[in-house]
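Visitor:
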Amino acid sequence: MNTDPRTRFAETALALVDGVLVSTGGSVDMASMGRTHQTDADVALVAAVPGFSVHVPGTADEVEQLLRTAHRLRGRHYVRATAQLNSRSFDVRTPTVHVARPGSGSLVIVAVGPVLDATLAAADRVADSHDLDPTVVYTATVRPFDAEGLRRLVGPVPDVVLVEPYLRGTSTQEIDAALLDRPHRVLALGFDREAPRRYGTPEDHLAAAGLDADGITRAVTDFAIPQRSAAASRSA
1 MNTDPRTRFA
11 ETALALVDGV
21 LVSTGGSVDM
31 ASMGRTHQTD
41 ADVALVAAVP
51 GFSVHVPGTA
61 DEVEQLLRTA
71 HRLRGRHYVR
81 ATAQLNSRSF
91 DVRTPTVHVA
101 RPGSGSLVIV
111 AVGPVLDATL
121 AAADRVADSH
131 DLDPTVVYTA
141 TVRPFDAEGL
151 RRLVGPVPDV
161 VLVEPYLRGT
171 STQEIDAALL
181 DRPHRVLALG
191 FDREAPRRYG
201 TPEDHLAAAG
211 LDADGITRAV
221 TDFAIPQRSA
231 AASRSA
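First residue of the sequence shown? That's 1 in the UniProt record's numbering, and the numbers climb one at a time after it.
1. What does a CB cutoff of less than 8 Å around residue 52 pick up in its chain, not counting 5 residues either side in sequence?
2. Do you know how far the Cα of residue 174 is from the Cα of residue 180?
3. From the DSSP output, in three-state form, read off residue 131 for me.
4. Per DSSP, residue 137 is paired with what?
5. If the criterion is Cβ atoms closer than 8 Å, does the pair residue 217 and residue 127 meet it?
6. Please decide whether residue 73 counts as near chain D, where near means a Cβ-Cβ distance under 8 Å.
7. Can you give the Cα-Cα distance for residue 39 and residue 145, rounded to whole angstroms?
8. In its own chain, which residues sit with a C-beta less than 7 Å from the C-beta of residue 20, not counting the 5 before and 5 after it?
9. Considering only residues of the same chain and omitting the five flanking positions on each side of residue 213, which have a CB-CB separation below 6 Å?
10. Starting from residue 66, trace the beta strand (DSSP E) in both directions and tell me its first and last residue.
11. Got a sec? Which residues, its chain only, sit under 7 Å from residue 224 by beta carbon, not counting five neighbours each side?
12. Return yes when the C-beta of residue 54 is under 7 Å from any heavy atom of the ligand MN, and no when it is not.
13. Where do the N-terminal and C-terminal ends of the beta strand (DSSP E) with residue 24 fall, by residue?
14. If residue 62 sits next to residue 90, beta carbons under 8 Å apart, how far is it from one beta carbon to the other, in whole angstroms?
15. What is the rounded straight-line gap between the Cα of residue 236 and the Cα of residue 221?
16. Could you give the residue range of the beta strand (DSSP E) that holds residue 76?
17. Please classify residue 164 as buried or exposed, where buried requires at least 16 other C-beta atoms within 10 Å of its C-beta.
18. Alpha carbon to alpha carbon, how far is residue 28 from residue 82? Give it in angstroms, no decimals.
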């Protein structure tokens, strides 16, 4: 299957048949070939169709786990494989959120698929530079999303940062639905809807989207620090 899964996806979805769709190259693995080879809206497209499980593995081992599980369970699955890889694999045979970095439940960063390493580096920088202790949780499956697992990990009034390696905000509604019973704020990081009109390496595009360690550090700091300062002022 090529980098744009829309054609075969539409055929499978309209036929209402079981199947495992596997894409490679998204979002920016082949960034040097231009916009026609960038697929940052694919997860939003597939997630819009009821009945699809959507998987975003972060390592080759996780790809194999998810393919074997999808074959065993049957149903309709979309597996998004990329060249960007994490340094650590998890047991992703069930749609579970895993604690990758224990911390405070007041600031929780949800890393999806291959952005985990950059997210962990950013969380450590935030912890070293500010009076914050982010919890980083990881998932390789965004549909269905492990809402109960997230609820167990967050505090009563959490700030949540969602880091997804595709269209920004694709899974924001999943976070909001999971935390419907408590006040919370959500910051979504990912690729913008406006299409980039320049060439470059995958690293260039990730940096431009704010999905490298530097960009995530800046975003988390700008999001969390003003809120903490305002809370401290009210309690003083």
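Backbone N, C-alpha and C define an ideal beta-carbon position, used for all residues, glycine too.
Guide: Judging by the given coordinates:
1. 13, 46, 76, 77, 78, 143
2. 10 Å
3. coil
4. 99, 110
5. no
6. The structure shown contains no chain D; it is built from a single protein chain.
7. 21 Å
8. 67, 70, 71, 77, 79
9. 118, 121, 122
10. First-last for residue 66: 60 to 73, but that is the alpha helix (DSSP H), not the beta strand (DSSP E).
11. 107, 132, 159
12. Within the structure as shown, the ligand MN is missing, as the structure has no ligands at all.
13. 19 to 24
14. 7 Å
15. For residue 236, the predicted model reports a pLDDT of 48, less than 50, meaning its position is unreliable; a value from the coordinates is still stated below. For residue 236 and residue 221, the distance between alpha carbons rounds to 22 Å.
16. 76 to 81
17. buried
18. 9 Å
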